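For what it's worth, the working numbering labels the leading residue of the sequence shown as 1388, then goes sequentially. Reviewing the structure listed below.
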Amino acid sequence: MDERKGFGSHFGFLMAAVGSAVGLGNIWGFPNKMGANGGFLFLIIYLILAALCGYIIMVGELALGRKTGRGAVDTYRSLTKRFKWLGWLAILSPFLILGFYCTLGGYCLKYMVLNVGNLFSASFGNNGLASAEVFGNMLSNQGESVAYGLIFVLITLLIVAGGVSGGIEKFCSVGMPCLFFMLLIVIIRSCTLPGAVDGLKYMFVPGWAVANGVIEKAPNFLEVLSSAGGQMFFSLSLGMGIMITYGSYLDKKENIEKNALIILVCDTLIALMAGLAVMPARFALDPTGDIGGPKLLFITMQNVFNTMGVVGYIFGIIFYLLVILAAVSSSISLLEVVVAHFVDKATENGKGDKRKVYSIIAGIACGLLCLLVCLDGLGGNGIAPYQLLHLPMANWNDNWLDFLDMLSEGLMMPLGALFMSICIGWELGVQVVDDECSLCGVRFKSRKFFNVCIKYITPILMVLILYGQIHAFFL
Ligand code: PFF
């Protein structure tokens, strides 16, 4: 049987795992959700959830993956009787996320090119149009959105086809440090703009956003909890097969607890840094601009760059390149979950390493979903889910992006994490994780904490988060 190829170095593993976690969710999701949900209160709840659920699920997923040395489907199939099916849920959600993630990645590519055009006063720049118009034109120009979306899918596919160490590890080992430094440059510029302090107040002062009319009313506790919970899953890439798959490539000598903590701290740090890059600039240069959703990234931020003249276009190029790096390092992890399963199967059946073939097949399937989301143009082109599927609830199905996000981030990820914690806490037992975590020669330090969380606290919080999400979507 062919040997299963994993990461070449520990640094490579960390960069790939941090790369998966750090993505669009950090750069626009975190700052805008934090502001809309009471700023500091959201941050505190997010950090508590990250410790009580995020860390626990991350350790659990990495341990299960490393124990079996297999992708998500085989991991659950070989370890449990009652939760055999969970692996399929763990590869279905990444697939759905890829559909809209690649669309957004394509928009970022377009905006990087746009800023190059602006810099050289070329025809593919703003051409004197306002940012809202540029964005609207892109959404209604289906050919252009599809082209950029598919280029993004192709980049993802090529890296995954290059293999774990040759493609994913190489890309992330260079991309992640670059992203960090580019983010620092944008933060320095953003926080030194006159009026930037309002952005900091928006993020960190409790009640400031409501008192100053930036958002209409303060959300209730359940809303903050479910919003912080959904954000946490999405941002840490949990509740699906990613950390199981990456864990399966992790060396047995590595300390799982330490790695989980590093991934969690890096992801939270980058989310906060992204807030410091985006929000002060928005308040300083475009105080009436949108504060959330795709418009924040593409209209508000572009307005910010437009008001800074030529330097602004250079910052625009750096900023969108940074977002593209973050998005690609996440999208490759999403595709890898799907591809790893089929590659393992082929190797097991003696068909050899079919990585390239499966990367192409999975890439085409995700390209088709991305095509639908691109053509939809955020619901403006007459093919939104409520128009095609005639679904009765309108608040979450008026465009394909929100619909797929609702299914994956809103329902499948918390469900996946809920069942995983029940599976480890009540069926497999904590000893399985303990054995795996102690393999590095150091005892499993957080065993007691892990035991209480995985059995009681994590599942209860998961149910609350799910209830909050369902309430927001359906009721
Ligand atoms: N964590 C990524 C982000 O914050 O954008 C997105 C993501 C990647 C979500 C991988 C889920 C996932 F499995």
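A virtual CB, placed ideally from N, CA and C, is assigned to each residue, including glycine. Note that the structure is predicted; figures quoted are calculated from it, not measured.
Taking C-beta atoms as the reference points, L1451 and I1631 count as a pair closer than 7 Å. Under a 10 Å Cβ-count criterion, V1561 is classified as exposed, with fewer than 16 other Cβ atoms of the shown protein chains found around its own Cβ. Between the ligand PFF and A1408, a heavy atom-to-CB distance of less than 6 Å is present. Annotation: the continuous alpha helix (DSSP H) that includes D1461 extends over 1459-1466.
The ligand PFF has a heavy atom closer than 6 Å to the beta-carbon of F1621.
When C-alpha distances from D1740 are compared across V1730, T1579, T1694, the shortest belongs to V1730.
In this structure, the straight-line span from the alpha carbon of K1604 to that of V1597 is close to 6 Å. Judged by DSSP in its simplified three-state form, F1511 adopts coil rather than helix or strand. Between K1645 and L1826, the gap from beta carbon to beta carbon reaches 7 Å or more. Excluding five sequence positions before and after I1809, the CB atoms of its chain that fall closer than 7 Å to its own CB belong to P1846, given in chain order. Per DSSP, the continuous alpha helix (DSSP H) segment holding L1775 begins and ends at 1772-1775. Nearest to I1852 by alpha-carbon distance, out of G1447, K1835, M1619, is M1619. Take the alpha-carbon of T1687 and the one of L1712: they are about 20 Å apart. Ranked by Cα distance from L1762, the options G1628, W1475, G1493, N1736 are led by G1493. Cα atoms of W1595 and I1748: separation of roughly 49 Å, rounded to the nearest angstrom. One Cα belongs to G1422, the other to L1656, and the distance between them is close to 17 Å. For P1481, the Cβ falls inside the 6 Å cut-off from some heavy atom of the ligand PFF.
Excluding five sequence positions before and after S1716, the CB atoms of its chain that fall closer than 6 Å to its own CB belong to G1406, C1559, G1562, given in chain order. Scanning the segment 1518-1581 for uninterrupted alpha helix (DSSP H) segments of 4 residues or longer gives 1518-1527, 1529-1548, 1557-1578, listed from N- to C-terminal end.
Straight-line measurement puts the Cα of D1673 at about 30 Å from the Cα of G1530. G1493: member of the alpha helix (DSSP H) spanning 1473-1506, first to last residue.
With a cut-off of 8 Å on Cβ pairs, the segment 1462-1479 is not in contact with the segment 1653-1669, counting fewer than three such pairs. Per DSSP, the unbroken alpha helix (DSSP H) holding D1654 starts and ends at 1643-1672. Taking a cut-off of 8 Å on C-beta distances, the segment 1583-1592 does not touch the segment 1399-1415, as fewer than three cross pairs fall below it. The beta-carbon separation of I1643 and R1453, rounded to 7 Å, stays under the 8 Å limit for a contact. Contact check for G1536 against I1546 fails: the beta carbons are separated by 7 Å or more. The criterion of a C-beta distance shorter than 7 Å is not satisfied by I1811 and V1724. A distance of 7 Å or more separates the beta carbons of N1513 and N1502.
Secondary structure at A1733: helix, using DSSP grouped into helix, strand and coil. Residue range 1595-1598 is occupied by the alpha helix (DSSP H) that includes W1595. Distance from the CA atom of L1483 to the CA atom of Q1856, rounded to whole angstroms, is 18 Å. At a cut-off of 6 Å, the beta-carbon of L1721 counts as near the ligand PFF: some heavy atom of the ligand is closer than that.
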